[in-house]
Amino acid sequence: TDDSQTIIDAVMESAMAAGVEVCTKHRVAKIDVRPANEDKNDDMLNEKSTTKFVLHVVDTDRKKSAEVAAPTDTGVMDGKKSGKVAQLMEFDALILATGSSPEGHEFAKSMGHTIINPVPSLFTMRLANDVKEGGMLYDLSGLSVPEATVAFRFQVPGQKSKRSIKQTGPLLITHHGISGPAPLKLSAFAAREFHNENYRGTLHINFASEIGNGSDIEQVLQNESSDPTLNRKRVFTGCQSLQHREIDYEDYDVETGLFRETRTRLIPRRLWINLCRHNGITDKVRWVDLSK
Numbered sequence: 010t011d012d013s014q015t016i017i018d019a020v021m022e023s024a025m026a027a028g029v030e031v032c033t034k035h036r037v038a039k040i041d042v043r044p045a046n047e048d049k050n051d052d053m054l055n056e057k058s059t060t061k062f063v064l065h066v067v068d069t070d071r072k073k074s075a076e077v078a079a080p081t082d083t084g085v086m087d088g089k090k091s092g093k094v095a096q097l098m099e100f101d102a103l104i105l106a107t108g109s110s111p112e113g114h115e116f117a118k119s120m121g122h123t124i125i126n127p128v129p130s131l132f133t134m135r136l137a138n139d140v141k142e143g144g145m146l147y148d149l150s151g152l153s154v155p156e157a158t159v160a161f162r163f164q165v166p167g168q169k170s171k172r173s174i175k176q177t178g179p180l181l182i183t184h185h186g187i188s189g190p191a192p193l194k195l196s197a198f199a200a201r202e203f204h205n206e207n208y209r210g211t212l213h214i215n216f217a218s219e220i221g222n223g224s225d226i227e228q229v230l231q232n233e234s235s236d237p238t239l240n241r242k243r244v245f246t247g248c249q250s251l252q253h254r255e256i257d258y259e260d261y262d263v264e265t266g267l268f269r270e271t272r273t274r275l276i277p278r279r280l281w282i283n284l285c286r287h288n289g290i291t292d293k294v295r296w297v298d299l300s301k
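The sequence shown runs 10 to 301 under the numbering used here.
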């Protein structure tokens with residue numbers, strides 16, 4: 010469905026079916042790490058885990074009337090002096106899913122982990138020069154490309170040559186630039202590189218990555234301009250070879266002896282026209298008129 014609640018419901022139902030106990034309105038005040046055989050003889054070492062994680066969990070539900078009790082073997086006072094007793098919960102394994110919460114980082118540090126300062130990730134990309142009038146993405150907001158490769162080139166400290174990180178997937182053109190799976194994945198895998206470059210740099214976009222790299226696409230365009238059955242057509246109408254072909258093996262035509270084949274443009278028509286104009290190709294130019 011289009012409702013994200015269905016995803017939440019599915020995860021919760023699976024958790025319940027697996028016997029997972031979900032605790033809400035509970036805060037982890039402290040985490041202790043101790044050997045699993047702390048109170049046992051060495052020859053009785055736990056075979057499954059050599060470490061135990063002890064969580065000091067405080068019930069934060071204000072609606073419940075809490076009677077302040079003295080600390081016992083099964084509870085200690087909340088570290089934040091809330092007047093509540095923390096319940097001890099022991100686990101063989103622990104996953105910290107606290108995001109960028111400073112408290113989560115402190116928990117990790119307390120268990121011996123080193124924290125690397127986080128940087129922004131999963132962001133859209135602003136292409137101010139390309140979306141303004143005259144730019145190759147002008148007036149294309151809302152248009153999507155089924156498969157594109159987006160690459161970010163950056164300078165590596167101490168090296169003369171630049172490196173690039175790229176991601177492939179659907180791409181969405183927005184009012185400010187580009188978004189969608191490919192740019193978002195790139196922002197995640199190159200998060201530190203973007204940060205080091207102060208979020209400024211050069212993006213290379215391959216709108217027909219299904220065909221191959223730039224040289225492969227250039228060869229396809231040259232073939233189009235030299236094909237006598239195609240080169241009299243106007244370039245604005247599109248490139249016949251830059252199409253996605255999909256065969257439906259469940260739809261067989263007995264008369265032709267072929268399976269049904271559908272073709273869709275790799276580059277949407279409006280984007281194609283913008284790319285042509287951006288490269289000085291007018292609506293009068295034919296394929297045969299293009300220089301090599």
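C-beta atoms are modelled at their ideal positions from N, C-alpha and C, and glycine is treated no differently. Note that the structure is predicted; figures quoted are calculated from it, not measured.
For residue i, which residues of its own chain have a beta-carbon under 6 Å away from its beta-carbon, when the five flanking residues on both sides are left out?
{"i": "Leu267", "result": "none"}
{"i": "Leu136", "result": "Gly186"}
{"i": "Arg36", "result": "Val67, Thr69"}
{"i": "His287", "result": "Met145"}
Grab me the residues of residue i's own chain with a C-beta within less than 8 Å of its C-beta, minus the 5 sequence neighbours each way, in chain order.
{"i": "Ile40", "result": "Phe62, Val63, Leu64, His65, Leu103, Phe116, Ser119, Met120"}
{"i": "Arg278", "result": "Gly247"}
{"i": "Gln249", "result": "Glu233, Leu239"}
{"i": "Arg274", "result": "Gly247, Leu251, Gln252, His253, Trp281"}
Just the Cα atoms here: how many angstroms apart are residue i and residue j?
{"i": "Pro190", "j": "Ser13", "result": "18 Å"}
{"i": "Ser218", "j": "Thr177", "result": "8 Å"}
{"i": "Gly186", "j": "Ala26", "result": "44 Å"}
{"i": "His204", "j": "Glu259", "result": "49 Å"}
{"i": "Thr107", "j": "Asn126", "result": "15 Å"}
{"i": "Phe305", "j": "Thr211", "result": "This structure gives no information on residue 305, because the portion of the chain shown stretches from 10 to 301."}
{"i": "His184", "j": "Phe132", "result": "14 Å"}
{"i": "Asp18", "j": "Phe100", "result": "26 Å"}
{"i": "Asp11", "j": "Ala38", "result": "37 Å"}
{"i": "Ala78", "j": "Val94", "result": "In this prediction, Ala78 has a pLDDT of 39, which is less than 50 and means its spatial position is unreliable; nothing more can be read from the coordinates."}
{"i": "Gly221", "j": "Asp262", "result": "31 Å"}
{"i": "Pro192", "j": "Arg209", "result": "15 Å"}
{"i": "Leu105", "j": "Thr291", "result": "57 Å"}
{"i": "Met98", "j": "His253", "result": "55 Å"}
{"i": "Lys34", "j": "Arg272", "result": "54 Å"}
{"i": "Val229", "j": "Glu30", "result": "58 Å"}
{"i": "Gly28", "j": "Leu195", "result": "37 Å"}
{"i": "Gly167", "j": "Val140", "result": "34 Å"}
{"i": "Glu264", "j": "Glu142", "result": "51 Å"}
{"i": "Met134", "j": "Met21", "result": "34 Å"}
{"i": "His122", "j": "Glu112", "result": "14 Å"}
{"i": "Ile16", "j": "Gly289", "result": "48 Å"}
Report back the beta-carbon spacing between residue i and residue j to the nearest angstrom; my notes put them in contact at under 8 Å.
{"i": "Ser153", "j": "Leu180", "result": "7 Å"}
{"i": "Glu270", "j": "Ile282", "result": "Not quite, the Cβ-Cβ distance comes to about 26 Å (not below 8 Å), so this is no contact."}
{"i": "Leu294", "j": "Arg243", "result": "Before going on, a small fix: residue 294 reads as Val here, not Leu. Going by Cβ atoms, the distance from Val294 to Arg243 rounds to 7 Å, so yes, they are a contact pair."}
{"i": "Lys169", "j": "Arg162", "result": "With a Cβ gap of about 13 Å, Lys169 and Arg162 do not count as contacting."}
{"i": "Ser110", "j": "Ala197", "result": "In fact, because the Cβ distance is near 19 Å, the residues do not count as touching under 8 Å."}
{"i": "Ile214", "j": "Leu251", "result": "In fact, because the Cβ distance is near 15 Å, the residues do not count as touching under 8 Å."}
Say the cut is 8 Å; is the CB of residue i nearer than that to a heavy atom of the ligand SAM?
{"i": "Pro192", "result": "Within the structure as shown, the ligand SAM is missing, as the structure has no ligands at all."}
Among the options, which has the Cα closest to the Cα of residue i?
{"i": "Ile174", "options": "Val37, Asn240, Glu202", "result": "Glu202"}
{"i": "Ala160", "options": "Ala200, Pro111, Tyr147", "result": "Ala200"}
{"i": "Gln164", "options": "Thr123, Leu239, Glu206, His253", "result": "Glu206"}
{"i": "Asp236", "options": "Asn215, Ala157, Leu299", "result": "Leu299"}
{"i": "Cys285", "options": "Pro44, Arg209, Tyr147, Val20", "result": "Tyr147"}
{"i": "Gly151", "options": "Gly167, Ile290, Ile182, Ser188", "result": "Ile182"}
{"i": "Thr158", "options": "Val140, Lys34, Phe216", "result": "Phe216"}
{"i": "Glu156", "options": "Met134, Ser188, Glu142", "result": "Ser188"}
Could you name the residues of the same chain whose beta carbon sits closer than 7 Å to that of residue i, not counting the 5 residues immediately before and after it, in chain order?
{"i": "Gly144", "result": "Asn138"}
{"i": "Thr60", "result": "Val42, Pro44, Ala45"}
{"i": "His114", "result": "Ile124"}
{"i": "Leu149", "result": "Ile182, Arg279, Leu280, Asn283"}
{"i": "Val128", "result": "Ala200, Arg201, His204"}
{"i": "Ala24", "result": "Val31"}
{"i": "Ile226", "result": "Ala217, Ile220"}
{"i": "Trp296", "result": "Glu233, Ser234, Leu239, Asn240, Lys242, Val244"}
{"i": "Asp52", "result": "Per-residue confidence for Asp52 stands at a pLDDT of 49, beneath the threshold of 50, marking its modelled position as unreliable; the derived number appears in the next sentence. Same-chain partners within the cutoff: there are none."}
Q: Within the segment 217 to 300, note down every full beta strand (DSSP E) run reaching 3 residues or more, in order along the chain.
A: 252 to 262, 267 to 274
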